[in-house]
Amino acid sequence: MKRFFNPEMKLKKLSRSAMETLAIIAYKGPITKAEIEQIRSVGVDKTMSNLLERKLIYISGRKKTAGTPNLYEVTDDFYSYLNIRGKQELPGNEQFQKIELLYKEDEKEENEDTKEGEKLNSEEDSELKAKEEIKKIKE
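Quick note on numbering: the UniProt record's numbering labels position 125 of the sequence shown as 125, and the sequence is numbered without any gaps.
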(Lines of atoms letter the chains of each structure in order from A; the text may use other names.)
(Lines give C-alpha, C1' and ligand atoms only; values in the text may rest on other atoms or scores of the structure.)
Protein backbone atom coordinates (compact mmCIF):
# COMPACT_ATOMS: atom_id res chain seq x y z
CA MET A 1 0.00 0.00 0.00
CA LYS A 2 2.77 2.42 0.87
CA ARG A 3 3.87 2.46 -2.77
CA PHE A 4 0.82 4.54 -3.73
CA PHE A 5 1.29 7.33 -1.19
CA ASN A 6 3.41 10.44 -1.43
CA PRO A 7 6.33 9.97 0.99
CA GLU A 8 6.70 13.75 1.40
CA MET A 9 3.27 14.06 3.04
CA LYS A 10 3.73 13.91 6.79
CA LEU A 11 0.43 12.49 8.04
CA LYS A 12 -0.29 10.06 10.80
CA LYS A 13 -1.44 6.67 9.60
CA LEU A 14 -5.10 6.75 8.68
CA SER A 15 -7.49 4.25 10.23
CA ARG A 16 -9.41 1.82 8.08
CA SER A 17 -12.57 3.80 8.87
CA ALA A 18 -10.91 7.02 7.67
CA MET A 19 -9.67 5.37 4.47
CA GLU A 20 -13.11 3.93 3.69
CA THR A 21 -14.78 7.28 4.37
CA LEU A 22 -12.23 9.11 2.20
CA ALA A 23 -12.76 6.65 -0.64
CA ILE A 24 -16.52 7.19 -0.51
CA ILE A 25 -16.10 10.98 -0.52
CA ALA A 26 -13.49 10.87 -3.30
CA TYR A 27 -15.61 8.74 -5.62
CA LYS A 28 -19.11 9.93 -4.71
CA GLY A 29 -18.49 13.54 -3.61
CA PRO A 30 -20.00 15.97 -3.14
CA ILE A 31 -21.83 13.83 -0.60
CA THR A 32 -23.58 14.33 2.74
CA LYS A 33 -22.59 12.72 6.03
CA ALA A 34 -25.93 10.87 6.10
CA GLU A 35 -25.25 9.39 2.66
CA ILE A 36 -21.80 8.24 3.80
CA GLU A 37 -23.32 6.66 6.92
CA GLN A 38 -25.90 4.90 4.76
CA ILE A 39 -23.15 3.43 2.55
CA ARG A 40 -20.93 2.42 5.49
CA SER A 41 -23.81 1.37 7.78
CA VAL A 42 -22.08 3.02 10.75
CA GLY A 43 -21.82 6.51 12.23
CA VAL A 44 -18.96 8.64 10.94
CA ASP A 45 -19.04 11.71 13.23
CA LYS A 46 -15.60 11.21 14.75
CA THR A 47 -14.05 10.10 11.46
CA MET A 48 -15.45 13.12 9.62
CA SER A 49 -14.25 15.60 12.23
CA ASN A 50 -10.81 13.94 12.16
CA LEU A 51 -10.64 14.19 8.34
CA LEU A 52 -11.77 17.83 8.46
CA GLU A 53 -9.12 18.57 11.09
CA ARG A 54 -6.45 16.96 8.90
CA LYS A 55 -7.71 19.01 5.95
CA LEU A 56 -8.30 15.93 3.81
CA ILE A 57 -11.96 16.85 3.27
CA TYR A 58 -13.87 20.14 3.27
CA ILE A 59 -17.46 21.38 3.26
CA SER A 60 -18.15 22.30 -0.35
CA GLY A 61 -21.71 23.54 0.06
CA ARG A 62 -25.16 22.47 1.18
CA LYS A 63 -27.57 20.01 -0.38
CA LYS A 64 -30.86 21.58 -1.38
CA THR A 65 -33.01 19.14 0.59
CA ALA A 66 -34.78 19.24 3.94
CA GLY A 67 -32.36 20.39 6.61
CA THR A 68 -29.81 21.54 3.98
CA PRO A 69 -27.05 19.15 5.11
CA ASN A 70 -23.39 19.92 4.41
CA LEU A 71 -21.80 18.45 1.29
CA TYR A 72 -18.26 17.09 1.59
CA GLU A 73 -15.48 16.71 -0.95
CA VAL A 74 -11.82 15.76 -0.71
CA THR A 75 -9.15 18.48 -0.69
CA ASP A 76 -6.05 18.96 -2.81
CA ASP A 77 -4.11 17.72 0.24
CA PHE A 78 -5.92 14.39 -0.17
CA TYR A 79 -4.78 14.17 -3.79
CA SER A 80 -1.24 15.10 -2.72
CA TYR A 81 -1.38 12.36 -0.08
CA LEU A 82 -2.20 9.87 -2.86
CA ASN A 83 0.41 11.47 -5.11
CA ILE A 84 -2.12 12.25 -7.86
CA ARG A 85 -3.32 15.50 -9.46
CA GLY A 86 -7.07 15.10 -9.15
CA LYS A 87 -10.21 13.01 -9.28
CA GLN A 88 -9.54 11.94 -12.87
CA GLU A 89 -6.42 10.08 -11.67
CA LEU A 90 -8.19 8.11 -8.94
CA PRO A 91 -7.74 4.38 -9.44
CA GLY A 92 -10.31 2.76 -11.69
CA ASN A 93 -11.72 -0.69 -11.10
CA GLU A 94 -8.61 -2.51 -12.40
CA GLN A 95 -6.21 -0.36 -10.37
CA PHE A 96 -8.49 -0.61 -7.36
CA GLN A 97 -8.28 -4.40 -7.49
CA LYS A 98 -4.46 -4.16 -7.49
CA ILE A 99 -4.56 -1.83 -4.49
CA GLU A 100 -6.96 -4.20 -2.73
CA LEU A 101 -4.55 -7.09 -3.32
CA LEU A 102 -1.67 -5.05 -1.88
CA TYR A 103 -3.85 -4.12 1.10
CA LYS A 104 -4.67 -7.79 1.66
CA GLU A 105 -0.96 -8.67 1.46
CA ASP A 106 -0.16 -6.00 4.08
CA GLU A 107 -3.01 -7.27 6.25
CA LYS A 108 -1.82 -10.88 5.85
CA GLU A 109 1.71 -9.89 6.93
CA GLU A 110 0.31 -8.08 9.98
CA ASN A 111 -1.83 -11.12 10.85
CA GLU A 112 1.17 -13.45 10.49
CA ASP A 113 3.19 -11.19 12.81
CA THR A 114 0.32 -11.20 15.31
CA LYS A 115 -0.08 -14.99 15.10
CA GLU A 116 3.67 -15.46 15.61
CA GLY A 117 3.50 -13.24 18.70
CA GLU A 118 0.48 -15.15 20.00
CA LYS A 119 2.24 -18.46 19.33
CA LEU A 120 5.27 -17.31 21.32
CA ASN A 121 3.03 -16.17 24.18
CA SER A 122 1.15 -19.48 24.06
CA GLU A 123 4.42 -21.44 24.14
CA GLU A 124 5.66 -19.35 27.06
CA ASP A 125 2.35 -19.93 28.91
CA SER A 126 2.53 -23.69 28.27
CA GLU A 127 6.12 -23.78 29.48
CA LEU A 128 5.20 -21.86 32.63
CA LYS A 129 2.23 -24.16 33.33
CA ALA A 130 4.40 -27.23 32.83
CA LYS A 131 6.97 -25.88 35.31
CA GLU A 132 4.20 -25.18 37.83
CA GLU A 133 2.82 -28.73 37.40
CA ILE A 134 6.29 -30.23 37.90
CA LYS A 135 6.74 -28.08 41.00
CA LYS A 136 3.39 -29.29 42.40
CA ILE A 137 4.30 -32.93 41.71
CA LYS A 138 7.65 -32.55 43.48
CA GLU A 139 5.97 -31.07 46.56
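For each residue, glycine too, the CB sits at the ideal point set by N, CA and C.
*Is it the case that the Cβ atoms of valine 44 and glutamate 37 are separated by a distance below 8 Å?*
The count along the sequence shown starts at 1 and reaches residue 44 at position 44. The count along the sequence shown starts at 1 and reaches residue 37 at position 37. Yes, they are a contact pair.
*Less than 8 Å separating the beta-carbons of isoleucine 57 and valine 74?*
The sequence position of residue 57 within the sequence shown is 57, counting from 1. The sequence position of residue 74 within the sequence shown is 74, counting from 1. It is a contact, given that the beta carbons lie within the stated cut-off.
*Around the C-beta of threonine 47, are 16 or more other C-beta atoms found within 10 angstroms, so that it is buried, or is it exposed?*
Start at 1 with the first residue of the sequence shown, and residue 47 comes out as number 47. By the neighbour-count criterion, in which 16 or more other beta carbons inside 10 Å mark a residue as buried, threonine 47 falls on the buried side.
_Through-space distance from serine 17 to glutamate 110, alpha-carbon basis_ = The residue labelled residue 110 in the question sits at position 110 within the sequence shown. The residue labelled residue 17 in the question sits at position 17 within the sequence shown. Between glutamate 110 and serine 17, the C-alpha separation is close to 18 Å.
*Go ahead and pull the three-state DSSP assignment for arginine 62.*
As a first step, residue 62 is located in the sequence shown; it is residue number 62 there, counting from the start. The three-state secondary structure of arginine 62, taken from DSSP, is strand.
*Run the CB neighbour count on glycine 29, radius 10 Å, all protein chains shown included, and call it buried at 16 or more, exposed below.*
As a first step, residue 29 is located in the sequence shown; it is residue number 29 there, counting from the start. With a threshold of 16 other beta carbon atoms within 10 Å, glycine 29 meets it and is buried.
*What are the partner residues of glutamate 73, as DSSP defines its beta bridges?*
For the purposes of this step, residue 73 is identified with residue 73 of the sequence shown, where counting begins at 1. Glutamate 73 pairs with Tyr58.
_Where alanine 26 falls, given that 16 or more other Cβ within 10 Å makes a residue buried_ = Position 26 of the sequence shown, counted from the first residue, corresponds to residue 26. With 16 or more other CB atoms across the displayed protein chains lying within 10 angstroms of its CB, alanine 26 is buried.
*Compute the Euclidean distance between the alpha carbons of leucine 71 and lysine 64, then round it to the nearest angstrom.*
Taking the first residue of the sequence shown as position 1, residue 71 is located at position 71. Taking the first residue of the sequence shown as position 1, residue 64 is located at position 64. So the alpha carbons of these two residues sit roughly 10 Å apart.
_Applying the 10 Å Cβ sphere with the 16-neighbour rule, what's the burial state of leucine 101?_
For this step, residue 101 is matched to residue 101 along the sequence shown. Burial call: exposed.
*From the DSSP output, in three-state form, read off isoleucine 31 for me.*
Looking up residue 31 in the sequence shown gives position 31. Isoleucine 31: strand per DSSP, three-state reduction.
*Nearest to isoleucine 31 (by Cα), restricted to the options Leu51, Lys55, Ser60, Lys13*: Taking the sequence shown and counting its residues from 1, one reaches residue 31 at position 31. Of the candidates Leu51, Lys55, Ser60, Lys13, the one whose C-alpha sits nearest the C-alpha of isoleucine 31 is Ser60.
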